[in-house]
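One structure below.
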Amino acid sequence: MEKGYNRFLTIFSIIIGIALLIVIGYFIYDLIQKYFVNKDAEDFIADYEQQVKQDVEQEQGEQTSETGTTENESGSQTGSKKKKSRTYTYKGFDVCGMIEIPKTKVKYPIISKMSKEAIETAVAVEYGPGPNQPGNTVISGHNYRNGLFFSKNKRLNNGDIVYITDNYGRRMRYTIYNKYETSQMDTAYMTRQTDGRTEITLATCNDNSKARLILWAKLDE
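Just so we're aligned, residue -11 is where the sequence shown starts under the numbering used here, counting upward by one.
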């Protein structure tokens, strides 16, 4: 009887040990994954900010050095100020800007078009005209509950600040003014009207993935 009981304790101890190793291994893997995702994003953003700055300076220089001007009907001269289209890529995805949230220390590239693969890589535009454009631009990100992407959005509240930089070097400040949870089927946050104002919506899942956490933010004038 005692021999059988000791054998049971041995097997039970082995099972507990294996379970603990699995948990520890998952925790270590999660930390490593988080480190490399954030490191890749930081490296890209450093290059992105530098490249955007160079492109802006180059475009301004080209406009200044233009010798060809046209006269309008009143005789005044006008130069071409049309912005050139710019393309930047991050891990094979087109990027339309970057997002910074000081309170949660978030800083990621914004992928131009949302897909399953895109939001496993960074945050992405789900709907709307794009960064710093009039209207409502929805930026979506995963809540992995480990600090990645929009995992810490639950800590944000009305009055907190979000910065959006676009591909033309415009870094604009937004203030959060509405926070709520809604069902996974509700898409009204995408098509909401802003009456011409420039606004963003940050969308993610709540911690149990049964609802969406939505934040509205408006451009500081």
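Glycine included, C-beta positions come from ideal geometry on N, C-alpha and C.
{"Item": "So the candidates are Y156, A34, G80, Y151; which of them puts its Cα closest to the Cα of I127?", "Value": "Y151"}
{"Item": "Is E88 a contact residue of the ligand NAD, with contact defined as CB to any heavy atom under 7 Å?", "Value": "Of the ligands one can find in the structure shown there are none, so the ligand NAD has no counterpart to examine."}
{"Item": "I'd like to check one pair, N124 with T192: are the Cβ atoms closer than 8 Å?", "Value": "no"}
{"Item": "DSSP three-state call for T109: helix, strand or coil?", "Value": "coil"}
{"Item": "Look at the alpha carbon of A34 and the alpha carbon of D148, and state the distance between them as a whole number of angstroms.", "Value": "24 Å"}
{"Item": "Please classify N146 as buried or exposed, where buried requires at least 16 neighbouring CB atoms within 10 angstroms.", "Value": "exposed"}
{"Item": "Can you tell me whether DSSP reads G67 as helix, strand or coil?", "Value": "Unreliable positioning characterises G67 in this predicted model, as indicated by a pLDDT of 41, which lies under 50. The coordinate reading is nonetheless provided below. G67 falls in the coil class under three-state DSSP."}
{"Item": "Quick check on N141: buried or exposed, where buried means 16 or more other Cβ atoms within 10 Å of its Cβ?", "Value": "buried"}
{"Item": "For the candidate residues G80, D208, F137, whose alpha-carbon lies nearest to that of K22?", "Value": "F137"}
{"Item": "Drop a sphere of 10 angstroms on the beta-carbon of N196, count the other beta-carbons inside from all chains shown, and report buried for 16 or more, exposed for fewer.", "Value": "exposed"}
{"Item": "Please return the same chain residues whose Cβ sits closer than 6 Å to the Cβ of N166, not counting the five positions on each side in sequence.", "Value": "W204"}
{"Item": "Is the stretch 83 to 96 touching the stretch 152 to 159 in the sense that three or more CB pairs, one from each, lie closer than 8 Å?", "Value": "yes"}
{"Item": "Rounded to whole angstroms, what's the CA-CA distance from S171 to L190? Just pull it up for me.", "Value": "15 Å"}
{"Item": "Candidates I4, K79, Q46, Q39: which alpha carbon is nearest D28's?", "Value": "K79"}
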